[in-house]
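Structure below.
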């Protein structure tokens, strides 16, 4: 059950567990990179790439579009990164919980509950 934290006795992780942990680290690293990229692309479009808004003909309209449209899109895009990361990590943990036994299964159950 989510939020139910547990204790795992010592166990020797299998090669599959070690590979899954590496994959989880890769996903976390990629999510961090994606968050960085998601930050710079909209900022570039807003502040440097104003020619990308041909429908904005005067300065006031441009300011209005930036305030109302772009910042909302920017916030929505950034907020989705942690959700996707957490979902991918949870899928890996649940899959490993189903494929393992003993203390290793307990370990993956705890990981899944923590996510």
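Residue numbers (our numbering): 83 to 197.
Ideal Cβ positions, reconstructed from N, Cα and C, are used throughout, including at glycine.
Computed from a predicted structure; not experimentally measured.
My output table needs one value for residue i: the three-state DSSP class, helix, strand or coil.
i: residue 198; result: This structure cannot speak to residue 198, because the chain is shown only from 83 to 197.
i: residue 197; result: coil
i: residue 250; result: Past the boundaries of the shown model lies residue 250; the chain is included only from 83 to 197, so the question cannot be answered.
i: residue 183; result: coil
Measure the beta-carbon distance from residue i to residue j and round it to whole angstroms, keeping in mind my assumption that it falls under 8 Å.
i: residue 187; j: residue 179; result: 6 Å
**Request:** Evaluate contact between the region 86-97 and the region 161-168, counting only Cβ atoms and requiring at least three cross-stretch pairs below 8 Å.
**Result:** no
Worksheet item: Pairing CB atoms from the region 189-196 with CB atoms from the region 109-123, are three or more of them under 8 Å?
Response: no
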